[in-house]
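Below: the structure, in structure tokens.
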Amino acid sequence: MTQQKPMRVKVPRELKLRNLSVTDAKVIPGGFVRVTVDGDDLHDFESTGPTDHCKLMIERGGEFEGRHYTPLHVGEGKIAFDIVVHGDSLIGSWAETLPIGQSVRLGGPRSSLEFPVGAEQLVLVGDASAFPPMRRWLNARPTSLPTTIILHGEGTEYFDDVADMETVEVINVPFGPDGTDLEDAVRSVVLADRAYVWAAGEATTLIPIRRWLKGESGFESTSYKIDGYWKRGVADRDHHEPIDPEDNAS
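Here the sequence shown is numbered in numbering that gives the first Met the number 0, starting from 0 and rising by one per residue.
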């Protein structure tokens, strides 16, 4: 009897715009600021997928502008966002000011893509932009599930306080702009028949991994997901756009 491959169930959410305030902001290891938000509008907030994302919006010039980040549950009905602060970005620069007391707006998530059913191995790949959803992945997994994380670049101390990290295989890869070393690291992992692979980060660096998973590896499309969270030289890239130019070829 053929075993079912891993599959993630998509749960739709009612899209709401919530008015909240920053109740805490602090620098945490790895080049992040953790911004905690709270307010009455969170009473019915739901986010159960490890890769859920919300649009965190701040006021600038009389209008609200924002970017998408992964919400983290921090207890007492509050949620937090771990924001990378190195580099010049709208929300990153704002977070560096430790904006306690400021008002924000929050949209989403539109849906939750749940933890993969039937996975017998988990492989997570990403640079610092993917570390917060990796944290959610690690908190959601059964500790008995064989898990490997491949960390691309600096900031790996971000995971020092994650529970049960001694049960996780950690592979550190220096950041490389073409992604070949990252692909080599993924290929070095012995993948189970029902492994699930999730990778996110700088879009160009993920192309070799996606091509290998889509082609030579023999993986089914439900057994992996690749998300280009950002792209060098492109401001405000839509992470829903394809990362591989070959996908747009006619």
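Backbone N, C-alpha and C fix where the C-beta goes; we use that ideal spot for every residue, glycine too.
Within the continuous beta strand (DSSP E) that includes residue i, where are the two ends?
| i | result |
| --- | --- |
| R17 | L16 to I27 |
| T35 | F31 to D37 |
| F80 | I78 to V83 |
| I225 | Y223 to W229 |
Among the options, which one has its Cα closest to the Cα of residue i?
| i | options | result |
| --- | --- | --- |
| D226 | A118, K25 and V124 | V124 |
| T155 | T166, N138, D163 and M133 | M133 |
| A24 | G61, K15, L14 and V84 | V84 |
| V169 | G175, P176, G178 and D159 | D159 |
| F130 | G175, S92, I27 and E119 | I27 |
| L150 | A184, E119 and P207 | A184 |
| S46 | R12, T179, G61 and G214 | R12 |
| P49 | E153, D243, T22 and R135 | R135 |
Which whole-angstrom value is the C-beta distance of residue i and residue j, which I expect to be below 8 Å?
| i | j | result |
| --- | --- | --- |
| S20 | D37 | 7 Å |
| S111 | V10 | 4 Å |
| L205 | A194 | Actually they are not in contact, since the Cβ atoms of L205 and A194 sit about 17 Å apart, beyond 8 Å. |
| G29 | A127 | 7 Å |
| L121 | L144 | 6 Å |
| Y68 | L55 | 5 Å |
| A118 | P5 | 4 Å |
| L16 | R104 | 6 Å |
| L137 | V172 | Contact flag wrong, Cβ pair sits at about 18 Å. |
| R7 | E113 | 6 Å |
Under DSSP, the alpha helix (DSSP H) around residue i begins and ends at which residues?
| i | result |
| --- | --- |
| M133 | F130 to A139 |
| E250 | Since the first and last residues shown for the chain are 0 and 249, residue 250 lies out of range. |
| K213 | A202 to K213 |
Could you pull the DSSP bridge partners for residue i from this structure?
| i | result |
| --- | --- |
| G106 | L16 and K54 |
| E64 | I57 |
| S111 | V10 |
| A94 | Paired residues: none, contrary to the question. |
| L150 | G125 and N171 |
| H72 | I78 |
| Y195 | L121 |
| V233 | K230 |
Let's test the definition: count the other Cβ atoms within 10 Å of the Cβ of residue i and tell me whether it reaches 16, buried, or not, exposed.
| i | result |
| --- | --- |
| H52 | buried |
| R59 | exposed |
| E201 | buried |
| T142 | exposed |
| A162 | exposed |
| P241 | exposed |
| M164 | exposed |
| P70 | buried |
| D81 | buried |
| G61 | exposed |
| R231 | exposed |
| T147 | buried |
| S249 | Residue confidence is low: S249 scores 36 on pLDDT, short of 50, so the model does not pin down where it sits. Its coordinate-derived value is still stated next. S249 is exposed by the Cβ-count criterion. |
| I78 | buried |
| T196 | It should be pointed out that residue 196 corresponds to Val in this sequence rather than to Thr. Classification for V196: buried. |
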